[in-house]
Amino acid sequence: MRKVYSKIESIAGNVITVSAEGVKYDELAEVTSAHGKSFAQVIKLSDDKVSLQVFAGGRGVSTNDEVRFLGHSMQISVSDNLLGRIFTGSGVPRDNGPGLYENMIEIGGPSVNPAKRIIPKNMVRTGIPMIDVFNSLVESQKLPIFSSSGEPYNELLARIAMQAEVDMIILGGMGLKYDDYLFFKDTLEEGGALSRTIFFVHTASDPIVECLLVPDVALAVAEQFALKGKKILVLLTDMTNFADALKEIAITMEQVPSNRGYPGDLYSQLASRYEKAVDFEGAGSITLLAVTTMPGDDVTHPVPDNTGYITEGQFYLKGGRIEPFGSLSRLKQQVNKDTREDHRSLMDGMIKLYAAYKETIEKKSMGFRMSAWDTKLLKYGEVFEKELMDLSVNIPLEKALDKGWEILAMCFSPEETGMRSELLNQFWPK
Amino acid sequence: MADIKGSGKVVGVNGNMVTIEFQGEVLQNEVGYVQITTPEGKNSLKAEVIRIKGNRADLQVFEMTRGIGIGDKVELTENMLAVTLGPGLLGQVYDGLQNPLPQLAEQEGFFLKRGIYLNPLPDKKWDFTPTAKVGDTVVRGDSLGSVPEGMYSHQIMLPFNMYDTYKVKWIAEKGAYTVDEKIAEVEDSKGKVFPLTMKFQWPVKRGIDAYTERLKPVDPMVTRLRLIDTFFPVAKGGTFCTPGPFGAGKTVLQQITSRNAEVDIVIIAACGERAGEVVETLKEFPELIDPRTGRSLMERTIIICNTSSMPVAAREASVYTAVTLAEYYRQMGMDILLLADSTSRWAQAMREMSGRLEEIPGEEAFPAYLESVIASFYERAGIVKLKNGKKGSVTIGGTVSPAGGNFEEPVTQATLKVVGAFHGLSRERSDARKYPAIDPLASWSKYKTSLDIAKVEYARKVLFKGNDVAQMMKVVGEEGTSTEDYITFLKSDFLDAVYMQQNSFDQIDNSVLVIRQIHIFEIIFKILGAIFNFQTKEEARQYFNQLRQLFLDYNGTGWETPEFKAKEKELVDMLSAKQIGLEENAAALLGTSK
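So the protein lines, in turn, are chains A and B. By the count of my numbering, the first sequence reaches residue 457 at its end, each step adding exactly one. By the count of my numbering, the second sequence reaches residue 595 at its end, each step adding exactly one.
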């Protein structure tokens, strides 16, 4: 029987301090207050003083409340029973279902030995042409979706969750608006994808500490399923909220801030989560897509900036579309050579023409006269945006490639596309 | 592990820092092991003393600190953090503490289990040939014999931490020995006898200094990138840095340099970066053949890998581990290139520790000693004269990942103060798919180029002038630009396109020998210095377009092959067809009259 302590010596923000013995760093405790029970995690030991971060927050905790140490770190139950369920960041059900306590595993485990990693080789098909054709997503890749606040990034994530060819989806929501949470739940339910999805959701009104736990819990669960051979797609939204939670807690802990108030270890904190993306040789894989909203649409803001240094490319969501310029999948070369022989050339060719279209738009806005070529480009740009770039388009890669040729044929003559003749002979619609 | 001397008990844990109360003696930077008991069993975690106050000391732990409790025992070793030196280092993949990762993977599987420290050197027999004889007098760094290690003769030296003068009492016969077997006995001036094996320890934070003198770096360290070798060269024993925003191609540039650099050994310190990138090197290097030696590239490579999700304190140690290994091979008269990617992550590791120690922060919360630490790290590069008259060198190249791509931040600025060459990468150039994305307008080097410096300067001037014209053209348009200025712009664009950029996918163009650089630069120079007879800008543009196309084809032909010569003739003919003279300065440099 573990000892119960009932004298809390200080409460500052979400951090409480008790005098206790035999406590280990990172250990979990249970704090019982008038508002119910909450977990708390040891974040500092100094002589007999133990500082704990209370998951439910420090509000309403009284100096006489009970603290009971549990003798282990934060754990989560991992089994197939998780599928279709919704939990908070600390693993408590928020869907009125039963709590799960079998096969508990610790979260935030060690990182994968680099010598055991393999060069990624499988594509994850999403049915979204702007991803599949132009910036293919690769198994074990970690990619952020850089987006300004008003963009439909959650709609995009929901689409990917429904359409991606993976075994399981784990969705981690951080600081989600309640309606966004309901949107995800309803969309996946209607789309029939709920049964292969696990949710860990922290909404904006939930205690801030739980926000920090969401990626760890989601990735720890993903890791267990991946080791069993499952192909997992982890979707996180929004990592900027996660970083802001880090900032808030670092500052209440009186840590010296480094850049715009963020703690000095922001890079390491983000990296230790993103680096969980992995392809286990002989088992499954974790692919990670994470929304990072850019405050002020500024990519040099510390959160997107540090993220860009960690991830393998990025998707820019702009004007409700995945922007072809600036978006980059650093791993696409590993997979787009083996899909269809016209994939790479069509990708390059269409983007070059689209870049020319953008120039024409600029010329047009400055009042220049449009040449015959300009008119063709204007038509092309419009069709391209409608038929391929629109987020609602859901077609497999091969269909998307065919569609690409159709669009080209609709707007240009073969020699105007700058494509190699063999490809034109083979693929140009007759 | 050495004898356990001092010991202590944990009295505080904060992140990866533990505070202990100790008995006996404690050394600054001493290594200790925290003994913990977890549900999985007993474990001891490596840590380093970083501050001592009264009877308490702060240690940074090189592992996750989960499960450490008040009262846990800490054993101190009386030794500073050290690496093991000896044959068998080449081709290895280590973590920041010299733990061999492939062997760890074999033993422990997918994950990096903490508290496991394996032997860094392989357990195999080496063919030892003695060179020292009984009765010889030897001092630190003197060779006792050698073993073949891959394509090199690995010198077995008197350990660098033996500062006396010694007499060889006994030396092993020619034969096969492991690194743990005794190969010699030496006696110091007081008559004490020391048995020696082929390996010994050296503390990573002290430079190896068993050489006679440091020389000035002069000889070029060839990277086979035209932009670097011609315009911003690096000398053997010199230092250079490569700052750039994310996605500008820092890591790619380093990977290619690690393949092509004309040195004996390359040490790659992957410090706090993506694991995926290391994996590419790990899987590809053993397959790639070094054209100079005909052997696998891995045989001349050591990888120190402490990627971003591995513990932060070990990240700080990893760059020191790397440079110590480099200095060790320098003592054998070899040229070593150390590539550190990225020094910003190393600086951030220092920042994290400094924050835990509650030190007064400097700019952007980096510690106040950031500059001096960076300076002393780069100062460990250098070309040295050894006691046997041979020369050896360590060249250090570090990438910097400035926050927001802004070079005005502390790490970039501290680095620029101490390095000899600056290869700044620019987002504009990488977005335009220009490779290498080194910005030729901002970069600089203090080392000597292998080419004619006056001509190189002339070419740079054309580039600057062309850039000015390009800026002006944005305002006044092509129509408002004089034909003369327009030609300068075309020349500078031409220089950039055919010489400064290389095609990384082309087998020939991706690595260019210096002799070829010298040769083709002469042609470039003649084109840059030429006065042309063009009627219209359109004509000039078309001419340069053709010239560029021709030159790119020329770049793709094998050195001194018939195709190479044919293309060269075409180029020269094309030039003389439109040239009507030479600019004055160019003529002076070519030693011909106008």
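Heads up, the beta-carbon is just placed ideally off N, CA and C, and yes, glycines get one too.
| said: Run through chain B and tell me which residues come within less than 7 Å of A:P242, C-beta to C-beta. | reply: None at all; the shortest Cβ gap to chain B is about 13 Å.
| task | On a CA-only basis, which of A:Y128, A:K385 and A:C438 is nearest A:A399? Give me that one, please. | result | A:C438
| request: Scan the segment 248-270 of chain B for residues whose Cβ lies nearer than 7 Å to a Cβ of chain A and list them as they occur along the chain. | output: G248
| query | Just how far apart, CA to CA, sit B:V320 and A:I134? | reply | 30 Å
| message | Taking the alpha-carbon of B:I528 as reference, which of B:F535, B:L576, B:Q536 and B:R549 has the nearest alpha-carbon? | response | B:L576
| said: Using only the alpha-carbon positions, how far apart do A:A61 and B:G72 sit? | reply: 33 Å
| Should B:K284 be labelled buried (16 or more other beta-carbon atoms within 10 Å of its own) or exposed? | exposed
| Can you list, in chain order, the residues of its chain whose CB lies under 8 Å from that of B:V75, leaving out five sequence neighbours each side? | S8, G9, K10, V11, V19, I21, F23, G33, Y34, V35, Q36, A48 and L60
| Cα-Cα separation between A:T224 and B:E41, rounded to whole angstroms | 32 Å
| task | Give a yes or no on whether 9 Å exceeds the smallest Cβ distance from A:L358 to chain B. | result | yes
| request: Could you have a look at B:T416 and say whether DSSP puts it in helix, strand or coil? | output: helix
| said: Please report whether the beta-carbon of B:C306 lies at a distance below 9 Å from any beta-carbon of chain A. | reply: yes
| field | Span separating the alpha-carbon of A:E217 from that of A:Y336 | value | 37 Å
| So with Cβ pairs under 9 Å, would you call B:I69 a contact of chain A? | yes
| query | Whose CA, out of A:Y205, A:F227 and A:A56, lies closest to the CA of A:F114? | reply | A:F227
| said: Taking the alpha carbon of B:V573 as the reference point, which residue from B:L553, B:L548 and B:E564 has its own alpha carbon closest? | reply: B:L548
| query | In whole angstroms, what is the alpha-carbon distance linking B:R293 and B:V267? | reply | 14 Å
| message | With a threshold of 6 Å on Cβ separation, who are the neighbours of A:V31 within its own chain once the five nearest residues in sequence on each side are excluded? | response | E93 and R95
| request: For chain B, find out if any of its Cβ atoms is closer than 9 Å to the Cβ of A:H62; answer yes or no. | output: no
| task | Kindly list, in the order they appear in chain B, the residues whose Cβ is closer than 8 Å to that of A:F307. | result | F111
| query | Nearest CA to the CA of A:Y384: which residue from A:R144, A:N41, A:L404 and A:M377? | reply | A:L404
| query | Quick one: which chain B residues come within Cβ less than 8 Å of A:Y52? | reply | V14, T66, R67, G68, I69 and G70
| query | Quick one: what's B:C306 bridged to in DSSP? | reply | B:A271
| said: By alpha-carbon positions, which one of A:D429, A:K457, A:N41 and A:A317 ends up nearest to A:L170? | reply: A:A317
| Is the Cβ of A:M28 closer than 9 Å to any Cβ of chain B? | The predicted position of A:M28 is uncertain, since its pLDDT is 49 and thus under 50; a value taken from the coordinates is nonetheless stated next. No, no contact with chain B.
| Cα-Cα separation between A:R152 and A:A427, rounded to whole angstroms | 12 Å
| task | Quick one: residues in its chain with C-beta nearer than 6 Å to the C-beta of B:S297, no 5 flanking neighbours on either side, listed in chain order? | result | P287
| CA-to-CA distance, B:I384 to B:A531, given in whole angstroms | 41 Å
| query | Looking only at its own chain, which residues have a Cβ that is under 7 Å from the Cβ of B:E328, when we skip the five neighbours before and after it? | reply | G208, I209, R381 and V395
| Would you say A:I172 and A:Y294 are within 9 Å of each other, going by their C-beta atoms? | no
| field | Under 9 Å between C-beta atoms of A:F307 and A:L254 | value | yes
| Based on Cα-Cα distance, which residue from B:M199, B:L452 and B:A350 lies nearest to B:E274? | B:A350
| When you compare only the Cα positions, how much space is there between A:K406 and B:Q93? | 57 Å
| request: Enumerate, from N- to C-terminal direction, the unbroken alpha helix (DSSP H) stretches of 4 or more residues contained entirely within the segment 158-244 of chain A. | output: 180-190 and 205-217
| Beta-carbon of B:K568 versus every beta-carbon of chain A: anything under 9 Å? | no
| request: Please confirm if A:Y32 has its CB atom under 9 Å from at least one CB of chain B. | output: no
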